[in-house]
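Inspection log for the structure reproduced underneath, given as C-alpha cells.
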Amino acid sequence: MAISEEQVRRWLSAVKATGDDADLVAARRLEWVSILEDGIAIKLHLPDIAGEPPAMEAVAGACLESIRQGAVRAGERVRALLVQFVNHSGVVIRESAFEASSKGALRPASEQSPPPAGGGQKEAPPPDESIGINATHVIAVGAGKGGVGKSTISVNLAVGLARRGRAVGLLDGDIYGPSLPTLMGLNTMEPNVLDGRFQPFLTHGVKSMTIGKLVDADKPLIWRGPMAHGAFKQLTEKTDWGELDQLVIDLPPGTGDVPLTMAQSLNLTGAVIVCTPQRVAQDDAIRAAKMFEQLGVEILGVVENMSVFVAPDGQEYDIFGRGGAQQMAQRLGLPFLGSVPITMDLRKNSDSGEPASNFEGESAPQKRLHRALDELLNNLESQLALASIRQAKGTPSLTIR
Ligand code: ADP
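To convert, count from 1 in the sequence shown and add 171; that's the working numbering.
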C-alpha cells in the first residue's frame, strides 16, 4: 500500500475527540498508526468513553469514514482497518475491525472487546499428533540461522507483552542450545513439579519453560529428530501454563527437521522471522519464510535485529548496513515489524538475565532501544489482531513470491 502514516494522521484530523473541541490528532488521542501490508491499524486512547462501547463504536465508525474518504481522494484502496482502543498503560480494551467486501467497501469484520488477560481459548481441538496449549495466540520466533538474536528477540517480545498486561508464556524450543536460563535470569532457580506437571519459572512477569533447567547443563543435547520432538512435546504439554494470552516459542534456528516438525505440530497464530541486515542472513531468512509458508503458517512479520549500533554517546553506526531485512520483507510482500539496534545495555541485560531493563533508562541508547521495542510490540499486536480476524474468517494469508 502506498498510503503513508502522515496521510492517515491528516485524514484522522477530521475526527473530533469526544469531550474535546480538538480533533483526535490535535488532542493527542491518536497514539499509534501502523501501515501494514494489507491494511491500516490505529490505536486511540479515549479515557472519557472507555466504559461506553456505543461511543467507541461511533468513533471507530467516524475514523473508518475519514480514512475511506481520504483513500478515495488519494486513489488508494484500503483492504482492512483495525481500530484499537487502549487504556493509559497501552492495553487494548476494545477493538473494531473492518475489511473490504468484494466490491471494495470497508465493512465491520468484528466488533468486540478482546478477551480479558488470561482468557481466551482456541476453538478447534488439536489433532492427536499436534500439541495442545491453552493460549489465545501462539507465536513462533524463527530464524534462518543461529546467532542473529532470535532468542533475544523472543525474550524481549515476551517481556514487552507482559509489561502491557498480557498473560505471557515463553517456551525455549531451542532444545540443542537452550538460552532462556541465562536470558530470563533462571540460573539460580530450581525446577518444580506439582501433580506431575512442570511449574513454569516466573520472572519479569513471564512464565518460562526451558529444557535447559531440566537436564544437566554440561551434557551435550544430541537428540535426533523424533526424540527431539518428543522432548519438546512433553515440555510443552506437561508445563502448567494456565490460561495465556500469548505463548512465545523460541524455535531452533534453521529450517531442518526439528524446527519444521515443531512449527507443524503447534496450532500457531503466526511466525516472526528474525534477521540481521546482511545479505547472507536475508537468504537464510527467506528459506525460513518459505518453510512457514509451506506449513501454511502465517508470517506475522520480519524483525531486523542488530540494524545499527548505538554508541553510549547516542551516535549511530551502520555496522551491518541498516535496512536490509526491511527491503527483503518488502520484496517478499511480508509485513516489517521493526528494527532493534545493537546496544551495550541490551547485551549486558541479556547476559545478566535482566530483560525488563531494556524497557527502562534515560540514556540516549536506552531511550533508542525502548522506542524500538515499543514500535516492534505495537506492530506485532496489530498483526496478531489482523491474523486472528483473517483466521476466523478463513481469508487467504500472505503468499511469498
Ligand atoms: P540466537 O538465538 O539467534 O542464536 P541470541 O539471541 O542468543 O541469538 O544472541 C546472540 C548474542 O548476541 C547474545 O550474546 C545476545 O546478547 C547478543 N545480541 C543479540 N541481539 C543483540 C542486540 N540487538 N544488541 C546487542 N547484543 C545483542
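Using N, Cα and C, we set each Cβ at its ideal position, and we do this for glycine too.
Note that the coordinates shown come from a computational prediction; the quantities given were computed from them, not determined experimentally.
Buried/exposed call for residue i, threshold 16 Cβ in 10 Å
| i | result |
| --- | --- |
| ARG244 | exposed |
| LEU351 | buried |
| ASP192 | exposed |
| GLU552 | buried |
| HIS259 | exposed |
| MET515 | exposed |
| GLY592 | As displayed, the chain neither begins before 172 nor continues past 572, which places residue 592 out of reach and without an answer. |
| LEU183 | buried |
| GLY210 | buried |
| THR407 | buried |
| ALA197 | exposed |
| ARG542 | exposed |
| PRO362 | exposed |
| ASP366 | exposed |
| ARG335 | buried |
| ASP455 | buried |
Inter-residue CB distance, residue i and residue j (contact presumed, cutoff 8 Å)
| i | j | result |
| --- | --- | --- |
| GLU525 | GLY356 | 6 Å |
| ASP343 | MET380 | 7 Å |
| ALA442 | VAL319 | Their Cβ separation, rounded to whole angstroms, is 15 Å, which puts ALA442 and VAL319 out of contact at 8 Å. |
| PRO424 | GLY495 | That belief does not hold up - the Cβ atoms of PRO424 and GLY495 are roughly 18 Å apart, past 8 Å. |
| LEU471 | GLN554 | 4 Å |
| SER325 | VAL419 | 5 Å |
| ALA311 | ALA434 | 6 Å |
CB of residue i within 9 Å of CB of residue j, strictly
| i | j | result |
| --- | --- | --- |
| ASN305 | LEU373 | no |
| LEU207 | LEU557 | yes |
| GLY331 | LYS378 | no |
| GLY241 | GLU202 | no |
| PRO512 | LEU548 | no |
| ALA271 | SER237 | no |
| VAL573 | LEU439 | Any question about residue 573 goes unanswered here, given that the chain covers just 172 to 572. |
| ARG239 | VAL230 | no |
| GLY303 | ALA333 | no |
Alpha carbon of residue i to alpha carbon of residue j, nearest angstrom
| i | j | result |
| --- | --- | --- |
| ALA573 | GLY532 | No answer is possible for residue 573: it lies beyond the span of the chain, which begins at 172 and ends at 572. |
| GLN255 | ILE213 | 6 Å |
| ASP484 | THR447 | 23 Å |
| GLY348 | ALA399 | 12 Å |
| GLU228 | SER267 | 7 Å |
| VAL179 | ASP194 | 13 Å |
| ILE571 | MET499 | Below a pLDDT of 50, predicted positions are generally treated as unreliable, and ILE571, at 41, falls in that range; the measurement from the model is reported next regardless. Their backbone Cα atoms lie some 11 Å apart in a straight line. |
| GLY504 | ILE457 | 11 Å |
| ARG518 | PRO224 | 44 Å |
| SER436 | ALA233 | 42 Å |
| LEU150 | GLY383 | Residue coverage of the chain in this structure runs from 172 to 572, which leaves residue 150 outside it and unanswerable. |
| ILE346 | ARG265 | 38 Å |
| SER559 | LYS404 | 24 Å |
| GLN537 | PHE530 | 8 Å |
Cβ neighbours of residue i in the same chain (closer than 8 Å, five flanking residues each side left out)
| i | result |
| --- | --- |
| GLN497 | VAL473, GLU475, PHE507, SER510 |
| SER200 | At residue 200 the sequence reads Arg, which differs from the Ser that was named. Here the set comprises ALA188, ASP191, LEU215, HIS216, LEU217. |
| GLN501 | PHE507 |
| MET477 | VAL319, GLY320, THR447, PRO448, ILE490, PHE491, VAL511, PRO512, ILE513 |
| THR353 | SER521, ASP522, GLY524 |
| SER528 | ASP516, ASN520 |
Other residues of its chain near residue i: CB distance less than 7 Å, five sequence neighbours each side excluded
| i | result |
| --- | --- |
| ALA459 | GLY313, ALA314, GLY315, THR426, ILE444 |
Ligand 2 heavy atom lying under 8 Å from the CB of residue i
| i | result |
| --- | --- |
| ASP421 | Inclusion of ligand 2 in the displayed structure is not the case, the ligand content consisting of ligand 1 alone. |
Same chain, Cβ closer than 6 Å to residue i, neighbours up to 5 away in sequence not counted
| i | result |
| --- | --- |
| THR410 | PHE369, PRO371, MET380 |
| THR432 | HIS400 |
| THR323 | SER521 |
| ASN358 | PRO352 |
| TYR488 | PHE480 |
| SER205 | ALA212, ASN550, SER553 |
| PHE463 | ALA442, ILE470 |
Contact with chain B by residue i, beta-carbon distance below 9 Å
| i | result |
| --- | --- |
| GLY494 | Here chain B cannot be found, since the structure has a single protein chain. |
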